[in-house]
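Worksheet: one structure, shown below.
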Amino acid sequence: MSQHPRGDTMPRSATRPTRGDRRSARFGPAALAVALIAGLAAGLPAGRAAAQEACGPYVVQRGDTLRSITRRVFGHDRYLVLYDANRDVLSSPNALEVGQVLRLPCEDGSMPPESAMQAARRTLDPPGIRPRGPAEEEVRFVTAGGMPPLVATGLPGRGLLPELVRRVMAAAAPGQSFRIDEVRDADAQLATLLPMGAFDLGFPWVQPDCPARLSAPREVQRLCEDYAFSEPLMTLDLVFYGPDTLPRDLAGVRICLPAEYVGPDPIETGLLPRGADLVRDESLADCLRPGPDAAQAVFTNRETLPQPPEGLRELSRHSRKAALVAVAAKGNPLAMARLNAFSAGVRDVTTEEDWPGIVRGTLSDWRRAPAR
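When we follow UniProt numbering, the leftmost residue of the sequence shown carries the number 1, and every step to the right adds one.
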């Protein structure tokens with residue numbers, strides 16, 4: 001799939017520039033608070049990394065040795081190969097420290113690109129982003145932002161979904177400390193920060209259909225292989241609008257992603273049909289304006305564009321629901337316990353009488369807002 005920016009080009013985690021209590025019988029307030037606090041504050045051992053690939057950076061975790069890393073990544077015991085690749089970092093094969101970034105040699109013996117190593121080190125530089133001991137009880141959430149009005153720096157409370165996280169924590173575990181940090185590099189979240197235990201839960205991610213196809217984007221494959229998902233924080237109704245004359249599989253079709261769209265990047269998350277081209281533009285009118293570069297179809301939310309533009313109809317074969325979830329690395333027992341407890345709180349809060357109305361109101365206001 002290719003992209004053809006005609007307006008602002010958006011980052012991979014963004015789609016456009018930033019601009020009475022009802023409880024379930026199973027999770028009543030008191031029972032839910034006990035369950036959530038127990039899970040969120042569980043003093044379980046720090047998790048091991050999920051599947052780790054060669055030819056890239058590796059962040060040393062508690063309990064690692066060069067031999068154990070070599071066995072896990074390369075399937076043999078010749079740990080001096082790893083030591084030789086990291087003599088500028090390690091004074092001896094036994095001098096590992098939690099948080100060090102090591103090079104994992106490639107299968108052909110070459111070294112990973114230095115740019116990847118520098119990116120991993122920069123990701124670990126911000127204060128407070130580090131591996132944590134099992135006694136630390138603060139629950140740490142990470143988001144990439146850039147998805148207004150759902151989550152973005154500059155919005156009140158950082159957006160709708162951080163507000164949901166705060167409601168879950170306040171209602172179900174009022175004594176539990178937590179924080180929400182932003183790391184714009186979404187790939188670093190999945191590849192490094194969540195597996196190493198720097199954060200417990202990441203949000204929002206689109207829950208993929210698993211097992212993932214071999215042709216699915218790497219992000220989707222990694223989520224299916226290495227991550228567990230919470231109950232949906234919210235579900236987006238994603239629709240395609242187009243004329244009857246388009247190919248059934250939309251191969252080669254230019255599809256408009258208008259500024260009104262709310263949600264994740266449709267290419268990185270595998271939401272766009274294979275072979276389609278994506279046109280990002282400032283407005284729906286600009287996307288569809290007649291001309292050689294005009295889009296032939298529209299991809300957006302029913303919540304922000306409930307009716308198809310004139311002359312188009314819904315292509316129901318390609319429309320779908322997309323559940324936005326929090327994720328935890330399967331190899332991190334502490335994060336998994338916290339994910340399970342957090343999910344119980346999500347089920348409770350999202351069924352409160354006022355929450356669906358808050359979601360509808362936020363998206364409606366966003367749709368009617370002037371150009372951003």
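Virtual Cβ for every residue (Gly too), placed ideally from N, Cα, C.
query	result
Run through the region 137 to 188 for me and flag every whole beta strand (DSSP E) of 3 or more residues, listed as ranges in chain order.	139 to 143, 178 to 182
What is the DSSP secondary structure of Leu-32, counted as helix, strand or coil?	Caution applies to Leu-32, whose pLDDT of 41 falls short of 50 and renders its modelled position unreliable; the model cannot decide the point.
Between the region 184 to 191 and the region 75 to 95, can you find at least three pairs of beta-carbon atoms closer than 8 Å?	no
Considering only the alpha carbon of each residue, which of Val-98, Leu-104, Tyr-58, Pro-57 lies closest to Arg-78?	Leu-104
Looking at C-alpha atoms only, which residue of Val-349, Val-206, Glu-231 is the closest neighbour of Val-220?	Val-206
Classify Arg-140 as buried or exposed, calling it buried when 16 or more other Cβ atoms lie within 10 Å of its own Cβ.	buried
Less than 8 Å between the beta carbons of Val-142 and Asp-181, yes or no?	yes
Where does the unbroken beta strand (DSSP E) through Val-279 begin, and where does it stop?	277 to 280
Based on Cα-Cα distance, which residue from Ala-337, Leu-284, Val-327, Pro-333 lies nearest to Glu-310?	Leu-284
Out of curiosity, what's the CA-to-CA distance linking Glu-260 and Arg-302?	11 Å
Would you report the Cα separation of Ala-344 and Leu-164, rounded to the nearest angstrom?	13 Å
I'd like the list of long-range same chain contacts for Leu-246, defined as Cβ closer than 8 Å, with 5 residues on each side in sequence excluded.	Val-253, Gln-296, Ala-297, Leu-315
Assuming the contact rule is C-beta atoms closer than 8 Å, Asp-200 and Arg-338 should be a hit. Round their C-beta distance to whole Å, please.	5 Å
Any contact between the region 269 to 278 and the region 210 to 220? By contact I mean 3 or more CB pairs, one from each, below 8 Å.	yes
Between the alpha carbons of Pro-204 and Glu-114, how many angstroms are there, rounded?	30 Å
What residue ranges within the region 257 to 297 form continuous beta strand (DSSP E) runs of no fewer than 3 residues, ordered along the chain?	277 to 280
By how many angstroms is the C-alpha of Ala-326 removed from the C-alpha of Pro-148?	17 Å
Would you tell me roughly how many angstroms separate the C-alpha atoms of Lys-330 and Gly-202, rounded to the nearest one?	13 Å
Since Pro-204 is in the beta strand (DSSP E), which residue starts that stretch and which ends it?	201 to 206
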